[in-house]
Amino acid sequence: MKLALLVLCALFASDAFACSCIKPDMSRMEKSAEFVVLAQLKKNSFSIGKKKYVFETIKKFKGEAAERIVVWTPKFEVSCGLKARRDVPFVLFVYREGDKLMVDHCSSWPLTKEYAHFT
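Below you can see the structure in the form of structure tokens.
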């Protein structure tokens, strides 16, 4: 019985995140964002606590953003870190945490069909 339940769970499993942002509050994200941009991933690096991404800005929507921006995100996607891809541009609501510019799973999304309802 336990094995059947485990197999059933594995068949219907999908990405699960510790945070909840199924319906992000756009007005709250925009107010807290240092800037909002459409950007393309150029480079990523790994560090001990967080992932570092370098994006090239395509379009600026809010705030002053450089042509190349360096943002940080939690290292693991399950802790709501961004899992950026090079093949699609991303909308980024970049916020400041101390001296670092940050993004996370809830404050960014790729321009794909699955996320079309956000744009």
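Numbering (my numbering), first residue to last: 10 to 128.
Even glycine gets a Cβ: it sits at the ideal position worked out from N, Cα and C.
Please read these numbers as outputs of a predicted model, since none were measured by experiment.
The straight-line gap separating the alpha-carbon atoms of Gly58 and Lys84 is approximately 6 Å. Taking C-alpha positions only, Trp118 is separated from Pro98 by approximately 9 Å. Under the three-state reduction of DSSP, Lys59 is assigned to strand. Sixteen is the threshold: when 16 or more other Cβ atoms of the shown chains lie within 10 Å of the Cβ of Ala48, as they do, the residue is buried. Between Leu120 and Val112, the gap from beta carbon to beta carbon reaches 8 Å or more.
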